[in-house]
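A.B. asks:
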Amino acid sequence: MSDIDTLLQPIPGEAPCGADMVFSAEFDAIREARRHDDPHLDQGDWVIDIKEADWPQVISICTGVLRERSKDVRVAAWLAEAWAKTRGFAGLRDGFLLLDGLCRRYWDGLHPVPEEGDVQQRVGNLAWLLSRSQQLVRELPLTQSEGGRFGAALWEGASQLANAVKRTPQNAAELTRGKLTLEQFDAARRDTPPAFYSELEGNLQSCFGALDVLELTLAERLGDDGPAFSPVREALKDVTELTHRFAREAGLLVRADMTPPPAAAPAQPATRLEPTLTPADHTPAAPAPARGPLQTRDQALAQLREVAEFFRRTEPHSPVAYLADKAASWGEMSLHLWLRTVLKNDETLSGLEELLGVQKQPDSNG
């Protein structure tokens, strides 16, 4: 059983979601472990030790709470942040998948429980994670060398600094004092092993997929009241394009005849036309046995379920199993019922049905 599967198991006892622990010692300990001082702030005459965040401690407390005490959006969001800080984009991906699993399985009892049907606090917690994820995407390292581990935000800063030096070269010494230069960033990039970029490419692709799954789940639960996903998706897109550039410069080849990592294809957004990068020494997977063309609707739905079962068995962290299951279940619905499942706002639903000319069907329970 994976770490995510373990954290998604019900809390022992009568209440599967446990208790709200917002005023607990565990919450205080998580906040203290997350707290860190800005090293760039002027300390004046009082020089004190800089407090750094203890991310392994955050992970330890959060996993304990989610496993044994409480299913809580706030704790899961903090855990996603800590996973990203310690494991990069693979950690961020797992954070999205964890939140998705909690929202799918425990929505009604998930903490914070809505008061009188008001889900704004829960939406605010989810919006915080997406906003923080946008920052993390720009901060997570795109280099791995003795020269440093630098992210997209530092690359942008170094590029802007290089342009400033070009404009006023006589001020170069003053402009670059204490700052990361583009030459230093490029040196770290050149010293980064190609395998790092190959793995990074796959992790970025799976991040897109996990984000899509979470967005779909929240759209089903919240309709138009859900948080905005486009800022973090745009940040991921920008970093992915930068990673493609660095990977090419590291010697990775774009080979049409090579199979991309299994989790990459479903996670790749439709708007991205650039092919997946694969290392030159990658061995293509054996081709699947030939299969005749689909003849019936039932065959198509059955094949979707086979796809879901394959990914559930071979890649339990991949969002493909969930998406394929969803597609198969939607295939059993009429358009009217599907719209009612996805859209929770009655006014929006009625307007769309009128636009599409969809005839309402009586409820089966009516």
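Following my numbering, the numbering of the sequence shown begins with 15 at its first residue and continues without gaps.
The beta carbon of each residue, even a glycine, is placed where N, CA and C say it ideally should be.
Remember, it's a predicted structure, so these values are computed and weren't measured experimentally.
(1) For residue 345, which residues from the same chain have a beta carbon less than 8 angstroms from its beta carbon, with the 5 sequence-adjacent residues on both sides left out?
(2) Over what stretch of residues does the alpha helix (DSSP H) that includes residue 109 continue unbroken?
(3) Just tell me which of 221, 84, 76, 39 has its CA closest to the CA of residue 24.
(4) State the start and end residues of the unbroken alpha helix (DSSP H) segment that holds residue 77.
(5) If I measure Cβ to Cβ from residue 119 and keep anything under 7 angstroms in the same chain, skipping five residues before and after, which residues do I get?
(6) With DSSP as the reference, please indicate the residues paired to residue 125 in a beta bridge.
(7) DSSP on residue 24, reduced to helix/strand/coil?
(8) Beta carbon of residue 18, beta carbon of residue 115: below 8 angstroms?
(9) Between the Cα of residue 228 and the Cα atoms of 28, 110, 205, which residue gives the shortest distance?
(10) My guess is that residue 72 and residue 94 are in contact by the Cβ rule of under 8 angstroms, so how many angstroms apart are they, rounded?
(11) Give me the Cα-Cα distance between residue 154 and residue 166, rounded to the nearest whole angstrom.
(12) Restricting to Cα atoms, I'd like to know which of 231, 183, 160, 240 is closest to residue 201.
(13) Can you give the Cα-Cα distance for residue 177 and residue 266, rounded to whole angstroms?
(14) Which whole-angstrom value is the C-beta distance of residue 222 and residue 144, which I expect to be below 8 angstroms?
(15) Would you call the CB atoms of residue 139 and residue 91 closer than 8 angstroms?
(16) On the premise that residue 79 lies in contact with residue 124, defined as a C-beta separation below 8 angstroms, what is that separation, rounded to the nearest angstrom?
(17) With 16 as the cutoff for other CB atoms within 10 Å, does residue 39 come out buried or exposed?
(18) Among the residues of its own chain, which have a CB less than 7 angstroms from the CB of residue 146, if the five just before and after it don't count?
(19) Would you mind reading off the limits of the alpha helix (DSSP H) that contains residue 309?
(20) Are the Cβ atoms of residue 230 and residue 250 separated by less than 8 angstroms?
(21) Please classify residue 132: does DSSP put it in a helix, a strand, or coil?
(22) Could you check the C-alpha separation between residue 48 and residue 68 for me, to the nearest Å?
(23) If you follow the alpha helix (DSSP H) that residue 173 is in, where does it begin and where does it stop?
(24) Exposed or buried, residue 99, counting other C-beta atoms within 10 Å across all chains shown (16 or more means buried)?
(25) Return the CA-CA distance between residue 322 and residue 195, expressed in angstroms with no decimal places.
(26) Here's a check: name, in chain order, each residue in its chain whose Cβ is nearer than 6 angstroms to the Cβ of residue 253, leaving out the five neighbours to either side.
C.D. replies: In this structure, then:
(1) Mapped onto the sequence shown, residue 345 falls at position 331. Result list for residue 345: 311, 314, 315, 318, in chain order.
(2) Residue 109 sits at position 95 when you count from the first residue of the sequence shown. Looking at the DSSP string, the run of the alpha helix (DSSP H) that includes residue 109 is 103–120.
(3) Your numbering for residue 24 matches position 10 in the sequence shown. If we check each option's Cα against that of residue 24, 84 comes out closest.
(4) Here residue 77 corresponds to residue number 63 of the sequence shown, with the count starting at 1. Run containing residue 77: 69–82, per the alpha helix (DSSP H) assignment.
(5) Taking the sequence shown and counting its residues from 1, one reaches residue 119 at position 105. So the qualifying residues of the chain are 22.
(6) Here the question's residue 125 lines up with position 111 in the sequence shown. Answer is 86, bridged to residue 125.
(7) Position 10 of the sequence shown, counting from 1, holds the residue named residue 24. DSSP places residue 24 in coil when its eight states are reduced to three.
(8) Counted from its first residue, the sequence shown places residue 18 at position 4. Counted from its first residue, the sequence shown places residue 115 at position 101. Less than 8 angstroms separates the beta-carbon of residue 18 from that of residue 115.
(9) As a working mapping, residue 228 is identified with position 214 in the sequence shown. Of the listed residues, the one whose Cα sits closest to residue 228 is 110.
(10) Mapped onto the sequence shown, residue 72 falls at position 58. Mapped onto the sequence shown, residue 94 falls at position 80. Not a contact, Cβ separation roughly 10 angstroms.
(11) Numbered from 1 along the sequence shown, position 140 holds the residue referred to as residue 154. Numbered from 1 along the sequence shown, position 152 holds the residue referred to as residue 166. Residue 154 and residue 166 have their C-alpha atoms spaced approximately 7 angstroms apart.
(12) Working through the sequence shown from its first residue, we reach residue 201 at position 187. Of all alpha-carbon atoms in 231, 183, 160, 240, the one lying nearest the alpha-carbon of residue 201 is that of 160.
(13) Locating residue 177 in the sequence shown gives position 163, where the first residue counts as 1. Locating residue 266 in the sequence shown gives position 252, where the first residue counts as 1. Cα to Cα, the separation comes out at about 28 angstroms.
(14) Here the question's residue 222 lines up with position 208 in the sequence shown. Here the question's residue 144 lines up with position 130 in the sequence shown. The beta-carbon distance between residue 222 and residue 144, rounded to whole angstroms, is 14 angstroms. This is too long to meet the 8 angstroms contact definition.
(15) As a first step, residue 139 is located in the sequence shown; it is residue number 125 there, counting from the start. As a first step, residue 91 is located in the sequence shown; it is residue number 77 there, counting from the start. Result yes, Cβ atoms of residue 139 and residue 91 sit closer than 8 angstroms.
(16) On the sequence shown, residue 124 is found 110 positions in, with the first residue counted as 1. On the sequence shown, residue 79 is found 65 positions in, with the first residue counted as 1. Not a contact, Cβ separation roughly 13 angstroms.
(17) By one-based count along the sequence shown, residue 39 stands at place 25. It counts as exposed.
(18) The count along the sequence shown starts at 1 and reaches residue 146 at position 132. Hits under 7 angstroms: 95.
(19) Position 295 of the sequence shown holds residue 309. Element bounds for residue 309: n/a, residue is neither H nor E.
(20) For the purposes of this step, residue 230 is taken as residue 216 along the sequence shown, with counting starting at 1. For the purposes of this step, residue 250 is taken as residue 236 along the sequence shown, with counting starting at 1. Cβ distance not < 8 angstroms, so residue 230 and residue 250 don't count as in contact.
(21) Here residue 132 refers to the residue found at position 118 of the sequence shown. Note: residue 132 maps to strand in three-state DSSP.
(22) Translated into the one-based positions of the sequence shown, residue 48 becomes position 34. Translated into the one-based positions of the sequence shown, residue 68 becomes position 54. Roughly 6 angstroms separates the two Cα atoms.
(23) Mapped onto the sequence shown, residue 173 falls at position 159. Where residue 173 is concerned, the enclosing alpha helix (DSSP H) stretches over 166–181.
(24) As a working mapping, residue 99 is identified with position 85 in the sequence shown. Buried is the call here.
(25) Within the sequence shown, residue 322 is the residue found at index 308, counting from 1. Within the sequence shown, residue 195 is the residue found at index 181, counting from 1. If you draw a straight line from the Cα of residue 322 to the Cα of residue 195, it is about 47 angstroms long.
(26) On the sequence shown, position 239 is the one that residue 253 refers to. Result list for residue 253: 151, 166, in chain order.
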